[in-house]
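In full-length UniProt numbering, the protein residues as written are 1 to 1228. Ideal Cβ placement from N, Cα and C applies to all residues, glycine included. Read through the structure below, which is laid out as structure tokens, and then see the notes.
Structure representation (structure tokens):
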């Protein structure tokens, strides 16, 4: 069957390749070329059809599953249908060729003309575009050569993706019988004549409104718009003869004023001529309106042609004339597309644009109003300069006087109509209007200026900017904010939101155009001018200045990072204030920055420079010590984990209470963590509402009171409430059988739109889930199993003060007012907390080993065992006897108690205890009396919801937590079901079909049998054994591939076989994968499974078993294989010894069951976990190595080699020129 399937795949590939080639170039081919292409497809199709028939017959003989047979036949029919369509095209082309041939005498001449490719019209659901669309698609609709099935396909393709029209057509089932209904529904929705008439009449009205909003627009464009709408109305039956009285006023009202006056003069001159043309008295009025409408359109066309002739005549000689200088100031505001949007979040930057107009004061190339030389002149000198240059006294531009100036502004000092440079009310002794104390009404606006900001704010981590922390002083509140000093910005700015929060009042408004980096400019932006009150953080300096309001100042700027400069600053007694993250709220520009400088300067050896200001020290410049030339590349997981480990070791310490104190593992260059106070309040109100409904409010609050008494949390001082911080929303969880019935759970993954969560900014460290199988293996090694856990483990580890404010939360006090708390200990729910707890325990145990220095030995052995026995706060181990048990409990408890970590809840198996008590161990249930492990089925719900969806199936499947894979064959069934549902492209919440629902219900109801699935905890590994071996099996089917590990323990009297671990993977659902490759994938995961288990057990022998002779050949032969096989064989050889691989018949392979899946009742009946029977026998009775490999299948994966052939290009062509017969030439 595999050979037939391989041949069929090749025939299908050749057929599909030829068909795709034809379809891609079909529109560019002539009739003859199309026929040739289809003939070629016919040659490829014939052997494919024969092979399809042969494969079907053989497939029915070997396969009994009706569903698989149906799927195979459906796939086969798809290829047959493709050929039938191509065959019909060939027949129609042959008929067309015969009918279009012209017979003349004894020959037929066929004329093949290539026309441009026609694009299928598309309709976007806009009713205005219906007439144009239908005019083109109507040809397809009326084509008799197309059947309704093809017409429906064209109709669907002509709908624009994502439009309402496409949704309408898709609502019909595809097929010819739906075409007429779909087309009728489309016409009734978008092709109603009365609705289309209203649309085009309203468009005519919009032209009237356009005239009022845009006084100047193209007459040609207006004429084209009028004609297009009138023609559309005629198509809809609104003839000009009947509706001219309605259309004429609309068209006339849309004309520009000058054109309208010219039309009225033209109409008056030709009035007599129009009256004589209407011969019928009854039709005189109607005819007059029609003539007026036609005459108006004809008049417009003449006007347009006249303008175009004038334009042609004048523009012919413009290339010989010198261009007239343009005022770039006006050009800039006219062509608004040249401006970028308002100052971006990442950069505030700019240079000045060159102005070709000369300044009237100094003849320089800049705006006259920006001239610095003019500011040094007296008012009389400036007035004389304007008068001598014949410039306007208001805008300072040449070519007009103040009476004809279009600018509507006035002087901001005296309110009169002149430029501010020419105002006579400037203070005596000052030649510059800048020093004038301006007091205007708040609603008064100043003249438009251009603000140039030259700094470039790029996110380069090794360049430090002049940031500092300052104190904002409002009317009734103070708080700290981040500021940046930008000496290349002409003005200072403050965030509007900050100004509103601090209740700063706007004294006036200014219009500014920001000139940005690269020469671009923004649109004119209206800024409020605020008076900002600042103080140094220690309160030793106060100041105030004017700043413009701005929505966003700049992008995220990290605070001064750690580096070598920190030690240099400490050595020079320099402290800087910008240590916290947050947005930049104030930009101090060149207008203020110079007044804040004290002259203090220190160049650091590591590169940056420290500059002292009256608001504190700032550090800026490039950090040469980092050696970073380009942005750092994304680090892999191992590097991040190693960095987290290094960070922990460099920051962990023991505080005055004797507890470990740690720092949160912040990610480098993470996004700024914003204040989410509003989100926390909203979530708090929701939690309180539920607590009161469940009557748990007081009990929940008592938990916080207890934490406060124990120092786990603390109240945030009022003076620190406004510091940068982050709040953790929380909710309650109730566990009836737990020592703590109600407990808070904090959500560190909560985020606001556009900002990260706390967990997004932290490195989570090692993936601890991968440690569970290893801990369980050690738990099964010795006769006595023992377990314990640490009381409130996370809450016993203190935090650094700098991290506490990012772990705040809200709660209501007894007075009903909102109270601010923050955590002083590690919080459960933060992504880095498990890593910190595990690191603390390992750090404590390693420190204890160093202190013991090898003595006493039993303590050293116990500490070494403890290092491999912790999963977060759970301790799981095994010992050989009761003495070791007591020593283990004593040493473990004493060691952890030195750092306030209390091990409690010690439990172990006791054969004399007849109670039916059980213990949860890492997700499994341990029956201590019988000493068996079984799955925890308490979380499984056997009642299905009303609507069974993929989400429900996945959620129910994952409730079967099976870290060792003992129920792997059972849990494979829903995974295969989900894979099939995925191919149907159902949404997560869409209901599955009835067959899938019944299949899942059958699996779920049968799942109750898993309660009887139990495996021995003790492997008898610590007894006096004669031989201990490890056996790893792998297998694959079309559905999945798997690997299984067993450990036979042989003593003098008996042999016991125990299941260690199983892994199974669903086969890839993409392109078809051969069984041999799936077997190889099984061997690969078998090698990975072995690499982790071999470390835990000291075995005398290790064996690897597979039932695929092809995979064995690939592993054992030293040949060059194809990429897929080569990569996996390379990994297998690195992890396992080649000589340990053996062949086992498929019927004797225990990995067969997890590769196919089975029900829970079947696995209980088979006792699969006890291993194959032949493992209990001596090695001589194991399966023999007698098998034959399929060399053809093996050779399919050999890497193709390149063969070079030398060709003599100088060979004589004498033979080819001597004989005219091809056959004679070949013989010679």
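Are the beta-carbon atoms belonging to residue i and residue j less than 8 angstroms from one another?
i: residue 1237; j: residue 1030; result: Any property of residue 1237 remains undetermined from this structure, which presents the chain solely from 1 to 1228.
i: residue 188; j: residue 148; result: no
i: residue 490; j: residue 591; result: yes
i: residue 798; j: residue 761; result: no
i: residue 976; j: residue 711; result: no
i: residue 973; j: residue 1003; result: yes
i: residue 601; j: residue 609; result: yes
i: residue 1168; j: residue 1015; result: no
i: residue 1229; j: residue 665; result: Here the chain comprises residues numbered 1 to 1228, so residue 1229 is not present and cannot be evaluated.
i: residue 876; j: residue 794; result: no
i: residue 468; j: residue 391; result: no
i: residue 1065; j: residue 1135; result: no
i: residue 419; j: residue 369; result: yes
i: residue 140; j: residue 131; result: no
i: residue 944; j: residue 978; result: no
i: residue 838; j: residue 870; result: yes
i: residue 1126; j: residue 1187; result: no
i: residue 304; j: residue 195; result: no
i: residue 744; j: residue 703; result: yes
i: residue 1230; j: residue 1138; result: A query on residue 1230 cannot be resolved here, the shown segment of the chain reaching from 1 to 1228 and no further.
i: residue 1099; j: residue 1028; result: yes
i: residue 478; j: residue 536; result: no
Taking the beta carbon of residue i as the centre, do at least 16 other beta carbons fall within 10 Å, making it buried, or is it exposed?
i: residue 958; result: exposed
i: residue 152; result: buried
i: residue 1172; result: buried
i: residue 173; result: exposed
i: residue 1108; result: buried
i: residue 17; result: exposed
i: residue 1082; result: buried
i: residue 878; result: buried
i: residue 342; result: Residue placement at residue 342 is poorly supported in this model, since its pLDDT is 36, which falls under 50; the coordinates still yield a value, given next. Burial call: exposed.
Which residue or residues does DSSP assign as beta-bridge partners of residue i?
i: residue 830; result: 828
i: residue 743; result: 733
i: residue 1233; result: The structure shown has nothing for residue 1233, since the chain only spans 1 to 1228.
i: residue 1028; result: 1049
i: residue 713; result: 823
i: residue 542; result: 535
i: residue 1099; result: None; residue 1099 has no bridge partner.
i: residue 874; result: 789, 871
i: residue 306; result: None; residue 306 has no bridge partner.
i: residue 548; result: 493, 529
i: residue 1034; result: 1043, 1106
i: residue 666; result: 762
Can you tell me the Cβ-Cβ gap for residue i and residue j, rounded? I've got them flagged as a contact below 8 angstroms.
i: residue 482; j: residue 583; result: 7 angstroms
i: residue 1194; j: residue 1114; result: 7 angstroms
i: residue 166; j: residue 160; result: 6 angstroms
i: residue 34; j: residue 93; result: 6 angstroms
i: residue 137; j: residue 129; result: Not really, about 12 angstroms apart at Cβ, beyond 8 angstroms.
i: residue 1122; j: residue 1197; result: 5 angstroms
i: residue 164; j: residue 125; result: 4 angstroms
As an exercise, report each continuous beta strand (DSSP E) stretch of at least 3 residues that is fully enclosed by the stretch 923–991, in chain order.
The DSSP assignment places complete beta strand (DSSP E) segments of no fewer than 3 residues inside the stretch 923–991 at 924–927, 932–935, in order along the chain.
Fully enclosed by the stretch 1118–1161, which alpha helix (DSSP H) runs are 4 residues long or longer?
If only complete runs of 4 or more residues are kept, the stretch 1118–1161 shows the alpha helix (DSSP H) at 1123–1135, 1152–1156, in order along the chain.
Tell me the start and end of each unbroken alpha helix (DSSP H) in the stretch 474–505 that is at least 4 residues and wholly inside, in chain order.
Restricted to the stretch 474–505, the alpha helix (DSSP H) segments that are unbroken, complete and at least 4 residues in length are 496–501, listed in chain order.
Whole alpha helix (DSSP H) runs in the stretch 763–812 with 4 or more residues, listed along the chain?
If we require 4 residues or more, the alpha helix (DSSP H) runs fully inside the stretch 763–812 come out as 772–779, 801–804.
Every unbroken alpha helix (DSSP H) inside the stretch 131–206 [4 residues or more]:
Within the stretch 131–206, the complete alpha helix (DSSP H) runs of at least 4 residues fall at 148–157, 164–170, 179–190.
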